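Under this note's numbering, the first residue of the sequence shown is numbered 1393, with each subsequent residue one higher. Here's the structure we're looking at; comments come further down.
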Amino acid sequence: MSSENYTALDSQASRLLLVHTLFLTGVSLSNIFFNIYLWKISHNLETAAVFNLFQFTTVPFVFFMATHLFKQKGIIISIRLGLLVHVCFFLLVLLLKNKIAFLAPGFGVLMGLGQGLYYFGYNVSTYDWTNNQNRDKFSGLNGVASALAGMVAPLLGGAIIGSLGTFTGYIAVFSIMVICFMLATTVTRTFVVNTRKPQCNFTQARALIGAEWRQVSWSMFFRGLREGVMSFLLILIYYEFSQNELQLGFFNFVLSIITLLSYYFVGRYIKRERRFLSMLLGGVFLTLFTTIVLWEPNLKSFWLFGIANSLFFPLVFVPLTTISYNVIRNCRKTADYQVEFLCFREIPLNIGRIIGILLLIYFLRKSWPAVWLLWGLGLSQLPIGPILKRVSRSS
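Take a look at the structure:
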């Protein structure tokens, strides 16, 4: 960007959003139908939990490994390799079919490798290709892209499985995922190569961690506690009630429309002075509506819970994401170590995800209702707003 006052997105940032939309389309199908596929072939919710546990455990290690790739080859190669790993992942799924139930940890590591490489490249590129003035807009558009992908992909996937039958339908859906990731890889060839060569010194960067970054880290941890489990548990519980992929696709279609509207509102109206209130209200309402599924767990209560989650989660997510980027850029010293701090950000986020999933596995082995855990993890969003109260007004 030539000027920090320039609020429009340039062509590089716009193409990054296109790549991310294609990526999210594939991931939206994966998060829903791959987890359901694991559950169907194993008849065990713990199999999906183990897959996601190994995935989130792998991601932070890949982030640190990717810095060496960044120093040698540039950031675009990280995005491209992440997409290609996703292609290989689903080609293996198509090849091995039902055998993957016994290989859930290995597939989790492979997915973590792809996610880590892609999101390392995406996060660094987001930082490089946006500025403090247009980052809220970019985060909002990113949320819109996520909602659009989540709206179209699951409904299409559910319709395909419903019309072709379970086995053939899942094969077709996994094939569509491969196509999405390959198209995204093709678009990355239009990126303008950044010639800067970062030093990536984690020891020096660690010495610069201050109070604001510690507040961001705690907030990312609390976000991860809920996010890791919510990435698959709500879908699986709803499917247990409905036993219908098309109905599940419609469920996600409606929720994604609500998410789309919420992200649009947050990106347009939630500016610096409103970030604290946004995160506070989001945390409160996410907690309140989680109690719905405790009273009477059924399709109706999960509809209400899903709607509330889609409506209020963006109130927390967008300001938190923007603040984490701005805290890095606003300090002259830390701005020189943005790659290191983006890696540091992944540590508390994924520790939170891992702890949340380990709690789920513990609940499953004790035969305790998983909805109790949903309520407990809902409480974890309450501290985010108060923790970032001061930072939200200065970043």
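For each residue, glycine too, the CB sits at the ideal point set by N, CA and C. Quick caveat, the model's predicted, so the values are computed rather than measured.
Buried or exposed for residue i, going by 16 or more other Cβ atoms inside 10 Å?
i       : result
Ser1772 : buried
Ser1517 : buried
Pro1761 : exposed
Ser1759 : exposed
Trp1605 : buried
Ser1538 : buried
His1460 : exposed
Thr1450 : buried
Glu1396 : Note on Glu1396: pLDDT 46, under 50, position unreliable in the model; the coordinate value appears next. Label assigned to Glu1396: exposed.
Gly1770 : buried
Ser1394 : Here Ser1394 scores only 44 on pLDDT, less than 50, and its place in the model should not be relied on; the value that follows carries that caveat. Looking at its Cβ environment, which holds fewer than 16 other Cβ atoms inside 10 Å, Ser1394 is exposed.
Arg1472 : buried
Glu1738 : buried
Gly1777 : buried
Glu1732 : buried
Arg1757 : exposed
Gln1596 : exposed
His1478 : buried
Quick test of your reading: residue i and residue j, contact by CB under 8 Å. State the CB separation rounded to the nearest angstrom.
i       : j       : result
Thr1683 : Trp1764 : Not really, about 11 Å apart at Cβ, beyond 8 Å.
Ile1746 : Leu1437 : With a Cβ gap of about 17 Å, Ile1746 and Leu1437 do not count as contacting.
Ile1353 : Ser1784 : The structure shown does not extend to residue 1353, since the chain is modelled only from 1393 through 1787, so no value can be given for it.
From what residue to what residue does the alpha helix (DSSP H) around residue i run?
i       : result
Tyr1729 : That residue, Tyr1729, is in no alpha helix (DSSP H); it is neither H nor E in DSSP.
Ala1599 : That residue, Ala1599, is in no alpha helix (DSSP H); it is neither H nor E in DSSP.
Gly1466 : Per DSSP, Gly1466 belongs to no alpha helix (DSSP H) and is neither H nor E.
Lys1637 : One point to set straight first is that residue 1637 is Glu, not Lys, in the sequence displayed. Counting along the chain, the alpha helix (DSSP H) containing Glu1637 begins and ends at 1637 to 1661.
Pro1711 : 1691 to 1722
Thr1578 : 1558 to 1579
Val1676 : 1667 to 1682
Lys1489 : No alpha helix (DSSP H) contains Lys1489, which DSSP labels as neither H nor E.
Thr1582 : It is not in any alpha helix (DSSP H) - Thr1582 carries neither H nor E in the DSSP assignment.
Lys1432 : 1427 to 1434
Gln1507 : 1496 to 1521
Trp1764 : 1762 to 1771
Glu1632 : 1625 to 1634
Cβ of residue i within 7 Å of any heavy atom in the ligand FAD?
i       : result
Arg1618 : As for the ligand FAD, it is missing from this structure, which has no ligand bound.
I'd like to know if residue i contacts chain C, where contact means its C-beta is closer than 8 Å to some C-beta of that chain.
i       : result
Leu1556 : In the displayed structure, chain C is absent; only one protein chain is listed.
Determine contact between the region 1404 to 1413 and the region 1510 to 1526, defined as no fewer than three beta-carbon pairs at a distance below 8 Å. The answer is yes - the region 1510 to 1526 touches the region 1404 to 1413, with three or more Cβ pairs under 8 Å.
Using 8 Å as the cut-off, can you tell me whether the region 1497 to 1510 makes contact with the region 1546 to 1556, which would need three or more C-beta pairs spanning the two stretches below that distance? As far as the Cβ criterion goes, the region 1497 to 1510 does not touch the region 1546 to 1556, which means the pair count is below three.
Evaluate contact between the region 1665 to 1674 and the region 1626 to 1640, counting only Cβ atoms and requiring at least three cross-stretch pairs below 8 Å. Judged by Cβ distances under 8 Å, the region 1665 to 1674 makes no contact with the region 1626 to 1640, as fewer than three pairs qualify.
I'd like to know if the region 1653 to 1661 and the region 1566 to 1581 are in contact, where contact means that at least 3 CB-CB pairs between them fall below 8 Å. With a cut-off of 8 Å on Cβ pairs, the region 1653 to 1661 is not in contact with the region 1566 to 1581, counting fewer than three such pairs.
Would you check if the region 1639 to 1655 and the region 1528 to 1546 touch, i.e. whether three or more CB-CB distances between them fall below 8 Å? The region 1528 to 1546 vs the region 1639 to 1655: in contact.
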